[in-house]
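Just so you know, we're using this note's numbering here: the sequence shown kicks off at 58 and counts up by one. Don't be surprised by glycine CBs; every beta carbon is placed ideally from N, CA and C. Quick caveat: nothing in here was measured; it's all calculated off a predicted structure.
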Amino acid sequence: MTSTPVTTLTIRDDLPARAISPDLWGVFFEDINHAADGGLYAELVQNRSFAYSHADHHGWGPLTAWRRHGRVEIHHTTPLSDRSPNYVRLFGDHGPAWIANDGFDGILIEAGGDYDVTVFARTGEGASARLTLSLETTGGATQCSLVVDQPQWTRYRTRMTGPASAADAAFRLEVANGETVDVGYASVMPVDTFRRTPNGLRSDLAQAIADIRPRFARFPGGCVAHGLGLDNLYRWKGTIGDPHERHQDFNLWGYHQSMGLGYFEYFLFCEQIGATPLPILAAGVCCQNLVGGPDAVPLDQLDAYIQDVLDLVEFANGGLDTPWGSRRAELGHPAPFGLRYLGLGNEDKIDATFRNRFEAIFRRVREAHPEIEVVGTAGPSPFGSDYDNGWEFARELGVDVVDEHMYKSPKWFFENTGRYDSYDRSGPHVYVGEYGSWGNRLLNALAEAAFMTGLERNGDVVRLASYAPLLAKKGHTQWVPDLIYFDNERVLPSLNYFVQQLFARTAGTASVQVEVDSPPGYTRPAQGTARLAFQSSGLDVRFENVALDDHQVDDVILSPDGRFETPTSTSADEYTIRATATVLSGDAEGNFAVQFGALGSGDSFEWNFGSWRNRSLTAFVSWDGFRDELLEPRPFRTEIGRPYEIEIRVSDRGHDIEYRLDGEVVQHFRDAGLAENRFSVSVVADSATPRTTVRIVNATDAPRKVAIVNASGRRADLTGAVTLSGEWDAGDAFEPAPCQPQPVEVAGSELTVPAFSFTVADV
């Protein structure tokens with residue numbers, strides 16, 4: 058019988074420990090994947106103020122999500138609010154008229170549950186009418202009637218009880234024959250929200266976030282914060298106050314924002330779960346993905362915009378003798394929220410316009426509120442021009458913290474466990490604001506855990522870190538992977554979620570140095586036979602003069618969304634691909650690609666012409682089946698009728714790739730030879746407990762026995778451990794996690810960590 062190899066961990070308690078930011082582990086909420094309306098926000102009625110429009114989504118309008126019967130009209134002349142410009146008129150002149158709302162994929166009702174109903178309604182001068190409200194399920198209905206007898210908009214409130222448990226209930230408003238009522242707003246809110254907060258949050262989703270025990274919470278974005286155009290900037294003042302008076306807007310992810318979940322609710326939720334708030338405001342420019350590039354707040358409006366930023370700090374922290382501090386008190390929270398961080402910008406293009414707007418805002422905030430730590434931005438990628446320019450600019454200004462984003466393959470995260478070892482300790486600090494490894498399998502979770510051990514070991518320079526995105530509703534998702542999936546009835550935490558939870562729940566105050574003797578290594582299998590394929594998305598493309606080394610291939614014509622894998626292959630370590638590609642016709646935002654390498658094995662390459670809506674030339678790679686950008690994309694746009702002379706020179710079995718276009722080298726990849734560190738360790742001490750916690754990631758395919766000793770050689774005394782383990786490819790998006798952390802029996806100073814596992818042990 059073969060014995061399990063032993064790895065020794067020596068906890069260097071004789072060496073100085075490195076302080077860890079007390080705010081290190083947090084969460085990032087953005088209204089993407091229907092995370093707010095129909096998600097975390099507990100409102101059960103969809104389009105409650107009849108504000109949906111084609112700007113939100115193609116084909117949407119004021120009665121989207123509403124069914125109707127009888128004479129029902131949309132009017133605009135004297136609306137409830139200029140921020141709710143539409144209202145419904147129910148005419149009972151030819152029999153009863155009604156509208157019914159099915160919520161967000163149905164309304165979930167619990168038998169005996171209490172629901173607060175709010176309706177703004179009015180009737181004609183001198184008239185009165187009866188408006189019947191119904192909560193309807195297949196198991197029964199609950200009804201109540203409101204006497205509407207005011208010619209001006211009047212708020213009517215009542216409490217209704219769920220007649221039967223159902224996931225497909227509906228909410229109906231009806232007038233009888235001969236009566237007419239205007240309805241401007243109709244809301245059904247469960248009483249049992251998180252902490253039973255009015256206008257509150259869905260209990261189970263909010264609790265799942267609270268159960269991570271995050272030290273901070275970032276909101277409201279993400280791209281939502283700076284919007285798709287200046288008119289779409291997320292303006293915090295429009296998100297507070299009475300819900301029917303909030304500034305609703307389209308969501309750049311393709312739906313609607315009621316703003317029912319606004320800045321007051323964000324701050325309150327942070328307080329309820331013990332998380333420091335981290336609001337992100339646009340840095341005076343909108344999203345760089347706007348066609349034609351980002352727009353900036355005009356200079357003659359910049360002072361007013363900066364005042365809005367300063368007013369937010371006052372709203373959060375100001376005394377009751379200040380205008381915005383008193384406004385906070387009016388909303389029910391006299392005490393300050395304790396704001397310490399303020400983010401300016403998100404994934405911005407670091408050009409002259411951005412620099413001008415950011416610096417103006419930053420200097421005014423620094424002058425007025427030196428106690429606030431400002432978080433800047435270094436673009437959307439962990440490398441490239443925006444990253445370099447963002448860091449250079451932040452150092453010039455003395456920005457406190459810089460936000461880095463990274464959506465990469467598991468391989469990248471394993472390779473970059475030491476990314477922050479060499480960062481400048483004198484500042485600025487780092488906020489790893491958005492990261493994720495392109496999947497919800499166990500390998501993804503372990504890659505993120507390995508990366509997080511590196512963040513923890515560098516907790517003096519990495520101030521904050523948050524996985525992204527946080528939430529995704531099944532059937533309404535724009536981005537995968539995510540941390541928590543859900544539908545109306547279930548909350549489905551991912552394997553990645555349990556990694557985040559294990560780190561946050563056992564956070565420490567200091568990183569203790571550790572030496573690892575005889576760690577298991579990992580060698581990625583060599584790529585097998587290389588093949589060649591072409592793919593098109595939205596375009597008709599002709600490929601001519603195709604060759605894989607000396608193997609000639611017949612011309613290929615692809616229709617939109619077509620793919621063709623050539624019959625040729627090579628086993629050589631070095632080979633060259635040639636082709637002439639011509640776009641014949643198609644979608645202006647289409648693209649085409651050359652795919653090569655060990656196609657079908659999970660490890661292969663792609664050169665994409667017109668990625669990101671025909672704005673980029675991008676070299677992609679797939680490792681373990683997870684697609685990733687290999688190099689920084691180059692600006693590029695395909696042109697119909699123009700031939701593109703393509704040449705790709707592959708050396709060292711894909712460790713060196715030269716990309717040529719029209720005879721010019723435009724991109725060049727050379728594997729840096731970084732170790733894919735699939736066995737990673739960190740040790741943290743908690744001065745308050747006191748407790749020392751050892752984290753061990755073993756993403757190899759064999760178990761490992763681990764012995765833990767201190768610097769003097771004394772064996773550690775393990776007091777408990779939990780392990781998350783399974784098959785490397787277990788787990789997927791939208792499904793319950795196939796495994797959860799389980800207690801492990803420990804005795805003495807040794808434990809065995811399974812293959813493909815993450816273990817947390819106390820000593």
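Using the Cβ count rule (16 or more neighbours within 10 Å means buried), how would you classify residue i?
| i | result |
| --- | --- |
| residue 141 | buried |
| residue 250 | buried |
| residue 371 | buried |
| residue 755 | buried |
| residue 306 | buried |
| residue 111 | exposed |
| residue 253 | exposed |
| residue 611 | exposed |
| residue 62 | exposed |
| residue 281 | buried |
| residue 315 | buried |
| residue 208 | exposed |
| residue 538 | buried |
| residue 593 | buried |
| residue 655 | buried |
| residue 865 | Residue coverage of the chain in this structure runs from 58 to 820, which leaves residue 865 outside it and unanswerable. |
| residue 722 | exposed |
| residue 561 | buried |
| residue 587 | buried |
List the whole-angstrom C-beta distance separating residue i from residue j, where the pair is believed to meet the contact cut-off of C-beta under 8 Å.
| i | j | result |
| --- | --- | --- |
| residue 505 | residue 494 | 6 Å |
| residue 148 | residue 241 | Actually they are not in contact, since the Cβ atoms of residue 148 and residue 241 sit about 16 Å apart, beyond 8 Å. |
| residue 93 | residue 123 | Between residue 123 and residue 93 the Cβ distance is about 20 Å, and since that is not below 8 Å, they are no contact. |
| residue 312 | residue 114 | 6 Å |
| residue 325 | residue 787 | Their Cβ separation, rounded to whole angstroms, is 37 Å, which puts residue 325 and residue 787 out of contact at 8 Å. |
| residue 718 | residue 702 | 7 Å |
| residue 570 | residue 69 | 4 Å |
| residue 91 | residue 530 | 4 Å |
Please report the distance separating the alpha-carbon of residue i from that of residue j.
| i | j | result |
| --- | --- | --- |
| residue 638 | residue 649 | 9 Å |
| residue 82 | residue 332 | 10 Å |
| residue 779 | residue 564 | 15 Å |
| residue 490 | residue 183 | 58 Å |
| residue 421 | residue 404 | 22 Å |
| residue 337 | residue 769 | 47 Å |
| residue 572 | residue 66 | 6 Å |
| residue 197 | residue 219 | 9 Å |
| residue 550 | residue 784 | 18 Å |
| residue 74 | residue 279 | 34 Å |
| residue 130 | residue 645 | 38 Å |
| residue 433 | residue 398 | 11 Å |
| residue 443 | residue 350 | 14 Å |
| residue 676 | residue 653 | 11 Å |
| residue 58 | residue 814 | Low confidence applies here, because residue 58 scores a pLDDT of 48, under 50, leaving its location unreliable; read the following figure in that light. Their backbone Cα atoms lie some 23 Å apart in a straight line. |
| residue 192 | residue 212 | 19 Å |
| residue 460 | residue 520 | 10 Å |
| residue 476 | residue 557 | 19 Å |
| residue 614 | residue 651 | 13 Å |
| residue 347 | residue 328 | 35 Å |
| residue 767 | residue 417 | 52 Å |
Looking at the C-beta of residue i, does it have a partner C-beta in chain B at a distance below 9 Å?
| i | result |
| --- | --- |
| residue 547 | Considering every chain present, this structure includes no chain B. It has just one protein chain. |
Residue ranges of each alpha helix (DSSP H) within the region 692-738, 4 or longer = None, since the region 692-738 contains no complete alpha helix (DSSP H) of that length.
Return the chain-ordered ranges of every alpha helix (DSSP H) run that is complete within the region 452-485 and spans a minimum of 4 residues.
-> The region 452-485 contains these whole alpha helix (DSSP H) runs: 467-472.
Could I get the ranges of all uninterrupted beta strand (DSSP E) runs contained in the region 548-579, with 3 residues as the minimum, in chain order?
-> As far as the region 548-579 is concerned, its whole beta strand (DSSP E) runs of at least 3 residues are 548-550, 567-569, 571-574.
Segments of 3+ residues assigned as beta strand (DSSP E) that fall wholly inside the region 400-436 = List check, beta strand (DSSP E) in window: 430-434.
Quick one: any contact between the region 480-488 and the region 448-461, if contact means 3 or more CB pairs under 8 Å?
-> Yes, the region 480-488 touches the region 448-461.
Unbroken stretches of the beta strand (DSSP E), 3 residues or longer, contained in the region 331-390 | Within the region 331-390, the runs of beta strand (DSSP E) at least 3 residues long that lie entirely inside it are, in chain order, 333-338.
Enumerated in chain order, which unbroken segments of the beta strand (DSSP E) with a length of 3 residues or greater are wholly contained in the region 169-218?
-> Taken in chain order, the unbroken stretches of beta strand (DSSP E) that lie wholly in the region 169-218 and span 3 residues or more are 171-179, 186-194, 197-205, 211-218.
Any 3 or more C-beta pairs closer than 8 Å across the region 172-191 and the region 259-266 = Contact between the region 172-191 and the region 259-266 is absent, because fewer than three Cβ pairs lie under 8 Å.
Okay, do the region 404-417 and the region 370-386 touch, 3+ Cβ pairs below 8 Å being the bar?
-> No, because fewer than three Cβ pairs between the region 404-417 and the region 370-386 fall closer than 8 Å, the two stretches do not touch.
Contact the region 797-811 vs the region 508-520: 3+ CB pairs below 8 Å = Per the Cβ contact rule, the region 797-811 is not in contact with the region 508-520 (fewer than 3 Cβ pairs under 8 Å).
Specify whether the region 198-215 and the region 101-120 touch according to this definition: at least 3 beta carbon pairs, one from each stretch, less than 8 Å apart.
-> Output reads no: the region 101-120 does not touch the region 198-215.
Count the CB pairs spanning the region 757-767 and the region 573-582 that are closer than 8 Å, and state whether there are at least three.
-> Three or more Cβ pairs closer than 8 Å define a contact, and the region 757-767 meets that threshold against the region 573-582.
Should the region 223-241 be called in touch with the region 282-299, which here means at least 3 C-beta pairs below 8 Å?
-> No, the region 223-241 is not in contact with the region 282-299.
Please determine if the region 693-709 and the region 623-636 are in contact, where contact requires at least 3 C-beta pairs separated by less than 8 Å.
-> Yes: the two stretches touch, three or more of their Cβ pairs being nearer than 8 Å.
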